[in-house]
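Working notes, structure below.
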Amino acid sequence: MSGFGGFVLRRAVGTVVTLLAISVIVYVVFYATPGNVAQITCGPRCSPEQVQQVAQQLRLDDPLYVRYGHFLQGLVAGQDYSTGTSVEHCPAPCLGLSYQTGQQVLDIILAKLPVSLSLVLGAMVMWLVLGVGTGVLSVWRRGRISERLLTAVTLAGTATPVFVIGLVLMIVVCGELQLLPFPQYVALTDDPEQWAWNLLLPWLSLALIEAAAFARLTRAAMLETLAEDHIRTFRAYGVGERSVVGRHALRGALAPVIALNANNVGSAVGGAVLTETLFGLPGIGEELVHAVNVVDLPVVVGMVLVIGFFVVIANAVADVLYAVADRRVVLA
1 MSGFGGFVLR RAVGTVVTLL AISVIVYVVF YATPGNVAQI TCGPRCSPEQ
51 VQQVAQQLRL DDPLYVRYGH FLQGLVAGQD YSTGTSVEHC PAPCLGLSYQ
101 TGQQVLDIIL AKLPVSLSLV LGAMVMWLVL GVGTGVLSVW RRGRISERLL
151 TAVTLAGTAT PVFVIGLVLM IVVCGELQLL PFPQYVALTD DPEQWAWNLL
201 LPWLSLALIE AAAFARLTRA AMLETLAEDH IRTFRAYGVG ERSVVGRHAL
251 RGALAPVIAL NANNVGSAVG GAVLTETLFG LPGIGEELVH AVNVVDLPVV
301 VGMVLVIGFF VVIANAVADV LYAVADRRVV LA
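Here you go:
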């Protein structure tokens with residue numbers, strides 16, 4: 001198979017191989033390290049009988065490759081817990097059981113995922129509008145004082161940690177000006193207006209950091225496009241500068257912007273830990289911090305696998321979108 005279909009198929013196969021590699025690394029790091037893995041997995045409050053039960057579930061007496069095969073089988077086809085635990089069946093993808101709460105890890109993640117997706121997708125809209133808009137304006141005003149000011153602002157945004165921006169916004173907007181309430185997550189299905197209103201500051205905090213990178217990328221890509229021969233031809237034929245910048249140069253910058261955006265969405269699902277913790281949003285990031293603090297190993301492993309899944313899938317989507325947006329890409 002050749003052409004675009006073959007390119008997509010190769011990317012799909014590469015994605016599956018990468019996901020398998022991540023599962024191997026995660027399993028070795030968390031379940032094949034020296035020490036009492038069963039005790040760590042079960043938690044510090046487990047009795048010796050419970051630790052022995054966990055050891056049986058993890059099949060610690062089997063060779064490492066057999067144990068990993070059992071782990072992989074659970075991810076693909078689910079697992080049966082027949083050793084007396086509170087859950088008898090774990091549907092695929094089985095990410096294990098939290099011995100701190102007695103819940104399946106998958107249920108915990110599914111309960112937290114809508115919060116993280118709400119944060120990331122809303123912030124994505126903001127960082128695209130702010131970042132691409134600032135990049136286009138910087139090119140449009142190139143050589144002037146306003147361009148230098150925009151460049152300085154984007155550099156400052158790149159260098160400023162998200163928790164600093166979040167704290168400043170809460171102090172100024174919520175505390176001093178009292179324009180917005182302190183964020184308190186409301187489900188979209190319960191009240192869409194309050195959902196958006198309470199997520200406005202978290203969206204803005206995360207978007208300002210990412211928008212700086214998009215502004216710099218858009219500016220660089222557009223300036224590179226403006227230096228190409230076909231742009232000189234447009235100008236020679238009398239095409240106005242507004243059309244050259246806003247239509248032709250911007251089109252040349254779309255491919256890298258699309259690729260960066262897909263990568264950022266995947267990374268932000270798990271990388272918004274500081275934003276979620278700062279604003280008290282009950283998402284994946286906050287749950288991961290809590291699981292680490294209480295040494296809830298199955299939840300940590302499940303979170304790492306899910307975050308890795310989003311990052312890998314987003315990168316695969318970015319490759320495909322990049323090829324669609326820029327036909328000059330060699331489909332290899």
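Here full-length UniProt numbering is used: the first residue of the sequence shown is 1, the next is one more, and so on. Every residue, glycine too, gets a C-beta built ideally from N, C-alpha and C. Please read these numbers as outputs of a predicted model, since none were measured by experiment.
{"Check": "Given T275 as reference, the closest of S267, E224, E286 and R232 once Cα atoms are compared", "Outcome": "E286"}
{"Check": "Burial state of Q178 (16 or more Cβ within 10 Å)", "Outcome": "exposed"}
{"Check": "Distance, G240 Cα to L9 Cα", "Outcome": "42 Å"}
{"Check": "Through-space distance from R235 to F309, alpha-carbon basis", "Outcome": "46 Å"}
{"Check": "For G135 and R251, the rounded distance between their alpha carbons", "Outcome": "13 Å"}
{"Check": "Boundaries of the alpha helix (DSSP H) in which P114 is found, first to last residue", "Outcome": "V105 to W140"}
{"Check": "Cβ neighbour criterion (16 or more within 10 Å) applied to D229", "Outcome": "exposed"}
{"Check": "Spatial neighbours of V37 in its chain, beta-carbon cut-off 7 Å, leaving aside the 5 residues before and after", "Outcome": "Y31, L58 and L60"}
{"Check": "Euclidean distance between Cα positions of N315 and L305", "Outcome": "15 Å"}
{"Check": "A262 beta carbon less than 8 Å from that of V317", "Outcome": "yes"}
{"Check": "Spatially closest choice to Y68 from I25, V105 and R141, by CA coordinates", "Outcome": "I25"}
{"Check": "Residues bridged to L97 (per DSSP)", "Outcome": "Q104"}
{"Check": "Residues that DSSP places opposite C90 in a beta bridge", "Outcome": "Q79"}
{"Check": "F71 classed as buried or exposed, judged by whether at least 16 other C-beta atoms fall within 10 angstroms", "Outcome": "buried"}
{"Check": "Stretch-stretch touch, CB-based, cutoff 8 Å, three pairs: the segment 209-223 with the segment 127-134", "Outcome": "yes"}
{"Check": "Coil, strand or helix - G280 by DSSP", "Outcome": "coil"}
{"Check": "Inter-residue Cα distance where the pair is L204 and Q103", "Outcome": "34 Å"}
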